[in-house]
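Asks:
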Amino acid sequence: MALRGAAEGSGALAQGARSSGSRSSRKESLSSRAERPMQQSPHKPAERTEVKVEVTEKKEKKKEKKENSEEKKEEKEKMKGKKEAKEKRVEKEAKEEKKEKKSEKEKWKEKEAKETREMKEAKEAKEAKEAKEAKEAKEAMEAKEAKEAKAKKEKKEKEKRREAAESASESARKRARLVVACGWGSGKAEIDERLPKSERKRLKRERREEERGAGGRLSDPPAGETRLVEGSASGNGLLEGYRQVKEKRKELKLRRMAGGAAEEDGGALTADERRRRWMHATMPDNALEDWKSCSRVAKRGPYSDTEKGVVQQVVGENLEELGLTPQSEAWLEYLTKMRGKQHSKDADKTFRPGFWKRLLTDVNQELIRRGMLPRTYISLHKAVHHLYLGQGGAWSEEENRRLVEMRHQGANWGDIGMELGRYKEEVRVHHKALHSVSAGTQGHMTAEEDRQLMQAVNWWVEGFIREQGLAPTDAGAHAYALSKISWQEVRQKMRGQRPVVTYRNAWRYRLNPAVEVKLRADELGCDLLLVRAIFESGADDESDVRWGQLVPGMSFSEAKRRFQLLSKRVPFDVQQLGFEEVIDRLLALLEKAKKHNRENEQLLT
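Below, the structure written as structure tokens:
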């Protein structure tokens with residue numbers, strides 16, 4: 006029993022070790038128990054104990070094997086689950102890939118369909134455009150043909166009319182011209198229909214003008230005027246009659262312009278009276294009331310003392326009607342608000358909206374009565390502000406200083422004008438002129454500017470030669486660089502305020518060393534030097550000449566332009582002679598002229 010209890014105890018121990026979850030610990034426990042000597046029961050032999058141990062070990066191995074099989078089974082199931090999950094994932098990825106391929110295929114098909122549709126639409130649009138252009142071209146061609154046919158028809162009719170007019174005999178034409186175009190009373194003759202249309206129109210127009218001359222048809226010819234009838238005079242008499250008719254027309258025109266005032270006054274008019282009559286006759290009836298109509302004959306420029314007196318007189322009369330004087334605060338305040346563009350809201354109700362138009366009408370009526378030309382609305386407006394507010398006139402140093410200071414602070418032209426008592430446009434123009442003068446952008450260039458310009462030109466030329474890979478000692482390198490100069494870069498180098506053309510002209514006509522050479526040498530010598538250089542270059546054609554390298558200091562354009570002027574001295578066309586023959590003749594002419602000048606100088610000395 007003791008052995009059995011020991012075996013059961015050992016089995017319980019082994020089972021406890023297995024429950025701990027470690028196979029190695031169980032083996033160690035078993036081996037340790039096997040090695041440890043067991044107490045032999047005095048009642049059972051040792052062999053039986055060994056058998057029990059073996060049985061226990063077998064059971065343990067069996068259990069261990071079973072556990073191993075279970076673990077393998079679990080691992081197998083786990084591997085199977087992983088495999089199934091992997092297969093599902095692969096299947097899912099395959100489905101997604103297939104779906105993506107399908108969507109891409111559908112997109113591609115949609116794209117192809119869209120491109121096909123667009124191509125079809127473009128083709129249809131192109132065909133429609135071509136059809137429209139063809140239709141327009143056809144219509145244009147038809148219109149052109151119709152126009153040509155119409156012009157041809159008109160030309161044919163015109164030639165037909167001209168031939169018909171020319172077919173009339175010379176005597177008939179003379180009789181037609183002797184018909185009284187401006188006849189009087191019942192003796193007015195008819196216009197010959199065989200005359201050209203333009204001639205008939207002219208005669209009818211002259212007849213109507215003369216009938217309107219004195220308010221209707223004149224019943225009898227004026228005293229001393231010859232009546233022209235068919236065959237009534239010879240050639241000289243005919244001319245004299247036409248001259249009298251022309252003078253009569255002029256007299257009627259003057260009478261119509263003056264409104265018949267000369268006859269009413271009973272004598273000749275003075276120059277001022279004629280001018281007043283003319284203005285009343287040429288201007289419409291409402292010209293003095295409509296300020297825009299006065300601009301046709303209005304006077305420009307500053308007001309004379311007489312005109313200022315008229316303005317002050319009329320302003321005083323209009324203010325007196327309103328119960329004011331030119332020194333009234335209401336009048337000065339009104340002008341001040343007018344300057345600030347606030348009169349429409351803040352001005353006193355005493356000055357109605359038509360005040361300025363009425364003032365302009367009264368001023369112009371008085372000016373015309375005195376034999377002077379009228380003034381415009383803007384001119385009168387400025388004159389009144391100048392007379393009563395002191396606007397206009399010369400600018401003082403204090404005003405210039407305040408103008409520059411306020412503009413520098415960012416004030417606009419209207420605010421500056423209100424502060425200085427001037428119009429904003431006047432302020433803007435004066436600031437521009439003041440800024441230009443102060444910056445040195447007007448007038449002649451100073452010696453310092455000339456020096457800076459020469460330095461800037463030399464700087465640009467040296468840089469250009471260096472960029473082109475040329476040597477400063479190469480023939481024509483300096484002249485070539487000058488012909489390619491960028492005056493905008495030269496201006497930026499100088500940091501000047503003057504325009505580019507100012508610097509360019511200063512160099513070309515004053516500061517260029519070649520200019521001094523040209524001024525010292527006579528023109529004939531320069532021309533001879535140019536032609537000799539062309540001759541020595543051996544050029545067969547004008548396009549082969551390197552114009553910029555012929556004469557030092559003479560640019561490409563200057564050399565070519567000078568040759569074109571010289572070639573006109575040859576009494577033959579260049580195309581007829583050829584380039585080489587023109588050069589030969591020019592060289593001979595210039596050398597002959599040079600020799601002649603030298604001989605004249607020797608005779609004079």
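Just add 5 to wherever you are in the sequence shown, counting from 1, and you've got the working numbering. Yeah, the Cβ is synthetic: ideal placement off N, Cα and C, and Gly gets one too.
Between the region 453 to 470 and the region 488 to 496, are three or more C-beta pairs nearer than 8 Å?
Replies: The region 453 to 470 vs the region 488 to 496: in contact.
Asks: Tell me which residue opens and which closes the alpha helix (DSSP H) that K565 is part of.
Replies: Segment 561 to 572, the alpha helix (DSSP H) holding K565.
Asks: State whether the region 326 to 342 contacts the region 406 to 418, with contact taken as three or more CB pairs (one from each stretch) at a distance under 8 Å.
Replies: No: the two stretches stay apart, fewer than three of their Cβ pairs being nearer than 8 Å.
Asks: In chain order, which alpha helix (DSSP H) runs of at least 4 residues are fully inside the region 378 to 458?
Replies: List check, alpha helix (DSSP H) in window: 382 to 394, 402 to 413, 418 to 425, 429 to 443.
Asks: For the region 472 to 525, list the beta strand (DSSP E) runs that are entirely contained and at least 3 residues long, ordered along the chain.
Replies: Counting only runs of 3 or more, we get nothing.
Asks: Given this structure, state the Cα-to-Cα distance separating V368 from R500, to the nearest angstrom.
Replies: Distance between the alpha carbons of V368 and R500 is about 53 Å.
Asks: Contact defined as beta carbons within less than 8 Å: I believe L378 pairs with K489. What is the distance between those atoms, to the nearest angstrom?
Replies: No, L378 and K489 are not in contact; Cβ-Cβ is about 57 Å, not under 8 Å.
Asks: Using 7 Å as the threshold, is the C-beta distance between A388 and V316 below it?
Replies: The answer is yes: Cβ separation under 7 Å.
Asks: Roughly how many whole angstroms lie between the Cα atoms of A90 and M84?
Replies: Approximately 10 Å between the Cα atoms of the pair.
Asks: Can you grab the Cα-Cα spacing for the pair V466 / A482, in whole Å?
Replies: Rounded to the nearest angstrom, the two C-alpha atoms are 9 Å apart.
Asks: To the nearest angstrom, report how far apart N517 and H435 are at their CA atoms.
Replies: Cα to Cα, N517 sits roughly 36 Å from H435.
Asks: By how many angstroms is the C-alpha of M124 removed from the C-alpha of E92?
Replies: Distance between the alpha carbons of E92 and M124: 47 Å.
Asks: Express the C-alpha separation of V506 and E547 in angstroms, rounding to a whole number.
Replies: Roughly 30 Å separates the two Cα atoms.
Asks: Considering only the alpha carbon of each residue, which of G419, T381, K112, P307 lies closest to L365?
Replies: Of G419, T381, K112, P307, the residue nearest in Cα terms is T381.
Asks: With a threshold of 8 Å, are at least 3 pairs of Cβ atoms found where one atom belongs to the region 533 to 541 and the other to the region 582 to 597?
Replies: In short, these stretches touch, since the Cβ pair count reaches three.
Asks: When you compare only the Cα positions, how much space is there between E618 and H386?
Replies: Residue 618 lies beyond the range of the chain shown here (6 to 610); nothing can be said about it.
Asks: Label E164 either buried or exposed according to how many other C-beta atoms from any shown protein chain fall within 10 Å of its C-beta, with 16 as the threshold for buried.
Replies: The residue in question, E164, is exposed, as its Cβ has fewer than 16 Cβ neighbours within 10 Å.
Asks: For L372, report the span of its alpha helix (DSSP H) as first-last.
Replies: Segment 360 to 374, the alpha helix (DSSP H) holding L372.
Asks: G359: which of G419, N323, S333, Q370 sits nearest, CA to CA?
Replies: The shortest C-alpha separation from G359 is found at N323.
Asks: Check Y308 in the structure and name its three-state DSSP category.
Replies: Y308 falls in the coil class under three-state DSSP.
Asks: Cα separation between K114 and K106?
Replies: The straight-line gap from Cα to Cα measures roughly 12 Å.
Asks: Helix, strand or coil, according to DSSP, for D549 in the structure here?
Replies: If DSSP states are grouped into helix, strand and coil, D549 belongs with the helices.
Asks: According to the neighbour-count rule (16 or more other Cβ atoms, all chains shown, within 10 Å of its Cβ), is E150 buried or exposed?
Replies: Its Cβ having fewer than 16 others within 10 Å, E150 is exposed.
Asks: Rounded to whole angstroms, what is the Cα-Cα separation between G86 and K112?
Replies: Distance between the alpha carbons of G86 and K112 is about 38 Å.
Asks: Around the Cβ of W336, are there at least 16 other Cβ atoms within 10 angstroms (buried) or fewer (exposed)?
Replies: Result: buried.
Asks: Could you tell me which whole beta strand (DSSP E) segments of length 3 or greater appear in the region 102 to 184?
Replies: Counting whole runs of 3 or more residues, the region 102 to 184 contains no beta strand (DSSP E) stretch at all.
Asks: Apply the 10 Å Cβ neighbour rule to E563 and answer buried if 16 or more other Cβ atoms are within range, or exposed otherwise.
Replies: It is buried - the Cβ of E563 has at least 16 other Cβ atoms within 10 Å.
Asks: Between W552 and F561, how many whole angstroms is the CB-CB distance? I'm expecting something under 8 Å.
Replies: With a Cβ gap of about 5 Å, W552 and F561 count as contacting.
Asks: Report, in whole angstroms, the separation of the C-beta atoms of M423 and A484, which I expect to be a contact under 8 Å.
Replies: That belief does not hold up - the Cβ atoms of M423 and A484 are roughly 58 Å apart, past 8 Å.
Asks: Beta carbon of A139: closer than 6 Å to some heavy atom of the ligand ATP?
Replies: Although the ligand ATP was asked about, the structure shown includes no ligands whatsoever.
Asks: If we ignore side chains and look at the alpha-carbon of each, how far apart do K81 and A99 end up?
Replies: Going by the C-alpha atoms only, they are around 26 Å apart.
Asks: What separation, rounded to the nearest whole angstrom, lies between the Cα atoms of I620 and Y428?
Replies: With the chain running from 6 to 610 in the structure shown, residue 620 is simply not present.
Asks: Mapping DSSP to helix, strand and coil, what is F356?
Replies: Residue state, collapsed to three classes: coil.
Asks: Pull up the CB-CB distance for E312 and L372, whole angstroms please, since I reckon it's below 8 Å.
Replies: Their Cβ separation, rounded to whole angstroms, is 7 Å, which keeps E312 and L372 in contact under 8 Å.
Asks: Measuring only the C-alpha atoms, how far is L592 from V556?
Replies: The alpha-carbon atoms of L592 and V556 are separated by roughly 16 Å.
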